[in-house]
Amino acid sequence: MARGEVITVTSRGRRVAQIVPVLGRDNLDRGLAAGWVTREVERPPEPVLRQRPLPGTPTTTELISQDRGA
Numbered sequence: 000m001a002r003g004e005v006i007t008v009t010s011r012g013r014r015v016a017q018i019v020p021v022l023g024r025d026n027l028d029r030g031l032a033a034g035w036v037t038r039e040v041e042r043p044p045e046p047v048l049r050q051r052p053l054p055g056t057p058t059t060t061e062l063i064s065q066d067r068g069a
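Okay, so the sequence shown: first residue is 0 according to numbering that gives the first Met the number 0, each after it adds one.
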């Protein structure tokens, strides 16, 4: 197990379980090298594009008041 081996447990010739190494730094490095893992890309958050409400659209306060029956 220390070298990253996978052990298959069988019962009457049927695979019933696998014992695998705990994921750790070595597996991450291996995944990065193989290309099936990528590091997160640090980028600034996208700006929120605010739009004016359409004429006649109720405000949030009005909608909440209506919902509460006021």
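Yeah, the Cβ is synthetic: ideal placement off N, Cα and C, and Gly gets one too. Owing to the predicted nature of the structure, the values given are computational and were not obtained by experimental measurement.
Report task. Compute the Euclidean distance between the alpha carbons of R42 and W35, then round it to the nearest angstrom. Result -> Rounded to whole angstroms, the gap between the alpha carbons of R42 and W35 is 21 Å.
Query raised in the report: CA-CA distance, G3 and D28?
Result: Each residue's alpha carbon lies about 13 Å from the other.
Query - Rounded straight-line distance, which links the Cα of Q50 to that of S64 - result: About 23 Å.
Query - Where T58 falls: helix, strand or coil (DSSP) - result: T58 falls in the coil class under three-state DSSP.
Query raised in the report: When the Cα atoms are used, what is the spatial distance from L31 to T37?
Result: Answer to the nearest angstrom: the Cα atoms are 6 Å apart.
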